[in-house]
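**Q** My questions will all concern the structure given below.
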Amino acid sequence: MATDELFELSIPPALGIPYAGENSGLTAPSGTRGSGAFFYGLGQCVRALRNEETVYLLLRNGHEAGKVRQGLQMAAKQLIVETEEGEASGGQKAPQVFGPYGFAATVGLWLKTAGEPASALLSPFISTDSFEFTPAEFVDLRERIDRTMRRFARLPQVSRSLDDLNTGFFRHQSLEESRQFITANLEDYLDRISRLQREYQLLINGHARKLLFERQGELSERRTKIGTIQAELQRLEKVNGRQGRRQLKEAIAEWSAYRERWYGTTTPVNPQLPFPALREELQEELRALHQQRQNLNRELRPASLSLSVVTVAGDAPLAASLRKMGEELSALIREIDEAGLYQLPLGGTDAATAPRQLQLLESVRDRLRNTHRHLHELDDFYARRHFWYAQPARLRRLLAPLRELPPEEWETAFSSWYFERCLQRVDATGEAWLNPATLQKMLEKSTAATEIDWDRVHFVLPGEELPQGDGMKAFCFDLTGGGRPEKWAEDRFISLRPLWDDTADHYQLAGRLEAGLLFGQPFLPVSGPDWAEVRTNEAPPGSNGHLCLQVKEGGPWMPLPEWDGIAEGVIRLYLPDEILPEDGQALQARAEEIMTVAPGVRIFHGWSNERITQALLSDGVTVEFLAAVILRAAEAAMAEPYDRDAIVALGREYRTRCGLPDPAPHPLAENLRKLLSERLPDHFFELHQAWRDTFLPLVVLAPSGRKTVLLPDGRLPGRAGEWAEALRQRELRAAGFHCLGLRADRLWMGLSEELDEIVKAIREA
Numbered sequence: 000m001a002t003d004e005l006f007e008l009s010i011p012p013a014l015g016i017p018y019a020g021e022n023s024g025l026t027a028p029s030g031t032r033g034s035g036a037f038f039y040g041l042g043q044c045v046r047a048l049r050n051e052e053t054v055y056l057l058l059r060n061g062h063e064a065g066k067v068r069q070g071l072q073m074a075a076k077q078l079i080v081e082t083e084e085g086e087a088s089g090g091q092k093a094p095q096v097f098g099p100y101g102f103a104a105t106v107g108l109w110l111k112t113a114g115e116p117a118s119a120l121l122s123p124f125i126s127t128d129s130f131e132f133t134p135a136e137f138v139d140l141r142e143r144i145d146r147t148m149r150r151f152a153r154l155p156q157v158s159r160s161l162d163d164l165n166t167g168f169f170r171h172q173s174l175e176e177s178r179q180f181i182t183a184n185l186e187d188y189l190d191r192i193s194r195l196q197r198e199y200q201l202l203i204n205g206h207a208r209k210l211l212f213e214r215q216g217e218l219s220e221r222r223t224k225i226g227t228i229q230a231e232l233q234r235l236e237k238v239n240g241r242q243g244r245r246q247l248k249e250a251i252a253e254w255s256a257y258r259e260r261w262y263g264t265t266t267p268v269n270p271q272l273p274f275p276a277l278r279e280e281l282q283e284e285l286r287a288l289h290q291q292r293q294n295l296n297r298e299l300r301p302a303s304l305s306l307s308v309v310t311v312a313g314d315a316p317l318a319a320s321l322r323k324m325g326e327e328l329s330a331l332i333r334e335i336d337e338a339g340l341y342q343l344p345l346g347g348t349d350a351a352t353a354p355r356q357l358q359l360l361e362s363v364r365d366r367l368r369n370t371h372r373h374l375h376e377l378d379d380f381y382a383r384r385h386f387w388y389a390q391p392a393r394l395r396r397l398l399a400p401l402r403e404l405p406p407e408e409w410e411t412a413f414s415s416w417y418f419e420r421c422l423q424r425v426d427a428t429g430e431a432w433l434n435p436a437t438l439q440k441m442l443e444k445s446t447a448a449t450e451i452d453w454d455r456v457h458f459v460l461p462g463e464e465l466p467q468g469d470g471m472k473a474f475c476f477d478l479t480g481g482g483r484p485e486k487w488a489e490d491r492f493i494s495l496r497p498l499w500d501d502t503a504d505h506y507q508l509a510g511r512l513e514a515g516l517l518f519g520q521p522f523l524p525v526s527g528p529d530w531a532e533v534r535t536n537e538a539p540p541g542s543n544g545h546l547c548l549q550v551k552e553g554g555p556w557m558p559l560p561e562w563d564g565i566a567e568g569v570i571r572l573y574l575p576d577e578i579l580p581e582d583g584q585a586l587q588a589r590a591e592e593i594m595t596v597a598p599g600v601r602i603f604h605g606w607s608n609e610r611i612t613q614a615l616l617s618d619g620v621t622v623e624f625l626a627a628v629i630l631r632a633a634e635a636a637m638a639e640p641y642d643r644d645a646i647v648a649l650g651r652e653y654r655t656r657c658g659l660p661d662p663a664p665h666p667l668a669e670n671l672r673k674l675l676s677e678r679l680p681d682h683f684f685e686l687h688q689a690w691r692d693t694f695l696p697l698v699v700l701a702p703s704g705r706k707t708v709l710l711p712d713g714r715l716p717g718r719a720g721e722w723a724e725a726l727r728q729r730e731l732r733a734a735g736f737h738c739l740g741l742r743a744d745r746l747w748m749g750l751s752e753e754l755d756e757i758v759k760a761i762r763e764a
């Protein structure tokens, strides 16, 4: 039978849709692995041929040329729609915002606490200097905060009176050194303040007493004068005639002189003032003097409060004393500040009057006394502060406000604050967005087929030398899994690596339904595979202890390394009791190919159940472990009904050991489900639903039976280019799903409004 005919029997009508997997870092372009790696490599060869480059294919054996040739022909037909906007298989890696998380995933993490009342308790202006915004940092900060809060809760409680002490005591000095310094300075400053306070009180109160005595003497003199005039008026009541009128005029003149002296009135009293009127004016003056005597303290207080060098400039000794004490006060406060007893300066040395200076002095005294009074708590306070300053500065910036919150709210406040600050660093928020409607229209574009110039395709067999790639317009696809030659550039060389090689990029395959794909990528079988195990103690003829297979009923058995990748009907695989190293390497490299290339697989072996179990429990990705996985998968496929969960679990364990764990639920879909379920109580939500080669982030089932898939950034999991993404979503629509993209940037900027739009779109789907 011709090679082309054999190939048509073993290859499905389409190669599938290769795309970069979720676990692919796109950091090692010269190495590929996974179910889509072979088909991705063929696609890269077709692209090189379109660019009129020479293509070299390093084959594992001389029989593979037919399969690869047919694969290139099919790849040329399948990839004719490649555009500049998107690659058919490998998309660009989304910008990282929070460690490996992109913008949409980070919005999902923020969404977890965005609706909580405590989410806005921390100020957005807290400095984020030195923050890296990575998952490791977030977990470390959260754990540190938790431990610190618990530690502070266990430490003895102390008053806030020592809070304003200089932090240098707790960061650079021992407890005993700090105690000696603080105590000695406090006692010295309190003693000096006490003496200066006494001098201020003597001067201020002495000046006030002087003013009081002077004013009292003045009032006494005035009362005496009024009393003298009144006594003369009493004598005038007994005198009549000219003598009486003359004496009355003299009394009026004395009253006029009194008024001029004490009130500054220059207008004389009417000489013809009647006797009763004069007596009434004198009586009124006595009442005024009495009232002034009663209000004497109130009258003199402003003068006392305004005592300063300026107000007593005429009294040289007093002014000199005031100036001297003001200088002493300023010097004392400056000395306290410079000694570093307190964290912040005492300040306030610009008081202009003596009473205000005394008030400042007393406030400093009270502060020092309060500190001295609580020195017995210094041991406990030192322990708290020493522990506080042992924490990183960025942690202290967060702990200061978090310690004031209720214990049950600090984690919500911290998480919301952290992810808000992380998202606010992003300038362009919609770069990863793909509109599912636009992708659907992309498939409607007509394109022209590309013909392959086979003269530029060269197969390199084992033992043949690969030309040097230096200066050549060439591309190389190495199916043997070898390393990149020195003269070949990274972007011009691809090597097909085994699944366990975690240095290679992982590529998945969509559009295929073979259950064997689960040995190279996440996959949920649609139906039970035709696999079976057959126990036998006899080796097939001609095996000679090798791991071998039969690709055609009645055909010869051949060692696995010599297989050309073609099969007619059911493949029969024989596992010997002892697997040779070269056979083990071939099995690890081609296990998935064996389980997918043919419609059925029969595995002949003589392994005991105990040996299979021990191999499954062993560590690492050994050949025996892989063989045991294949045997247990065949056993699960033979069950009635077939055990799909066991098959999926075996594939997952194998991939996990190869460094390819299944992707976790998308944070945006995970935390959006709760918000949407509150608005759509009659809808059913399923998170991270396994579907063929992928996981549907969030599926919404309407009462009518309509299924809507919510896609963060309009994309399925993985890093597919636009064209590959369009093909993947077309398969979803063909299965009855409606695709709805989630705009993470709109959820971030206007959560409530965007939720309303999403709910509306789901109802109208």
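Numbering (numbering that gives the first Met the number 0), first residue to last: 0 to 764. C-beta: ideal position from N, C-alpha, C; glycine also. As the structure is a computational prediction, the values presented were derived from the model and not from experiment.
1) Which residues does DSSP pair with L686 in a beta bridge?
2) Do D529 and G470 have their C-beta atoms within less than 9 Å of each other?
3) Check the C-beta distance from S542 over to W556 and give it rounded, since I have them as a contact under 8 Å.
4) Quick test of your reading: L667 and A743, contact by CB under 8 Å. State the CB separation rounded to the nearest angstrom.
5) Relative to the C-alpha of V708, which residue among T411, P123, R672 and G619 is closest?
6) Compute the Euclidean distance between the alpha carbons of R727 and K444, then round it to the nearest angstrom.
7) Hey, F603 and L572 are a contact pair by Cβ (cut 8 Å); roughly how many whole angstroms apart?
8) For the alpha helix (DSSP H) that I565 lies in, which residues bound it at each end?
9) Since V157 is in the beta strand (DSSP E), which residue starts that stretch and which ends it?
10) Whether or not the region 175–184 and the region 384–393 are in contact is what I'm after, with contact meaning three or more pairs of Cβ atoms, one per stretch, closer than 8 Å; do they touch?
11) Quick one: what's L478 bridged to in DSSP?
12) Is the beta carbon of Q520 closer than 9 Å to that of L695?
13) May I ask which residues mark the beginning and end of the beta strand (DSSP E) holding F458?
14) Specify the secondary structure class of V268 as computed by DSSP and reduced to three states.
15) What whole-angstrom Cβ distance do L508 and G35 have, given they're in contact under 8 Å?
16) Check each candidate in R745, G70 and A312 and name the one with the smallest Cα separation from L422.
17) Candidates L512, R46, E253 and E463: which alpha carbon is nearest G527's?
18) Please state the DSSP three-state secondary structure of A626.
19) Among A503, E532, G553 and A531, which residue has its Cα nearest to the Cα of P540?
20) Run through DSSP, which three-state label would F168 get?
21) Taking C-beta to C-beta, are R656 and G619 nearer than 9 Å?
22) Q507 by DSSP, collapsed to three states: which one?
23) Inspect the beta-carbon positions of L232 and L202 and report whether they are closer than 9 Å.
24) Quick one: what does DSSP say M557 is sitting in, helix, strand or coil?
25) Among N296, A353 and P716, which has the Cα closest to the Cα of A318?
26) Within the chosen definition, does the region 352–369 reach the region 70–78 through at least 3 CB pairs nearer than 8 Å?
27) Can you tell me which of D139, S160 and W254 puts its alpha carbon nearest to the alpha carbon of E283?
28) Between the Cα of P716 and the Cα atoms of S219, L433, V308 and Y641, which residue gives the shortest distance?
29) Residues in its own chain within less than 6 Å of A117 by CB, not counting five upstream and five downstream?
30) How long is the line joining the alpha carbons of C738 and P435, rounded to whole angstroms?
31) With C-beta atoms as the reference, is L478 less than 9 Å away from R59?
32) Are the C-beta atoms of G114 and some chain E residue less than 9 Å apart?
33) Thinking just about the alpha-carbon of each residue, which of Q549, F38 and R245 is nearest to the one in A597?
**A** The relevant details are as follows:
1) L697
2) no
3) 6 Å
4) 6 Å
5) R672
6) 17 Å
7) 7 Å
8) Per DSSP, I565 belongs to no alpha helix (DSSP H) and is neither H nor E.
9) No beta strand (DSSP E) holds V157; DSSP gives it neither H nor E.
10) no
11) DSSP lists no partner for L478.
12) no
13) V456 to V459
14) coil
15) 4 Å
16) R745
17) L512
18) helix
19) G553
20) helix
21) yes
22) strand
23) no
24) strand
25) A353
26) no
27) W254
28) L433
29) E408, T411 and A412
30) 7 Å
31) yes
32) Absent from the structure: chain E. Only one protein chain is present.
33) Q549
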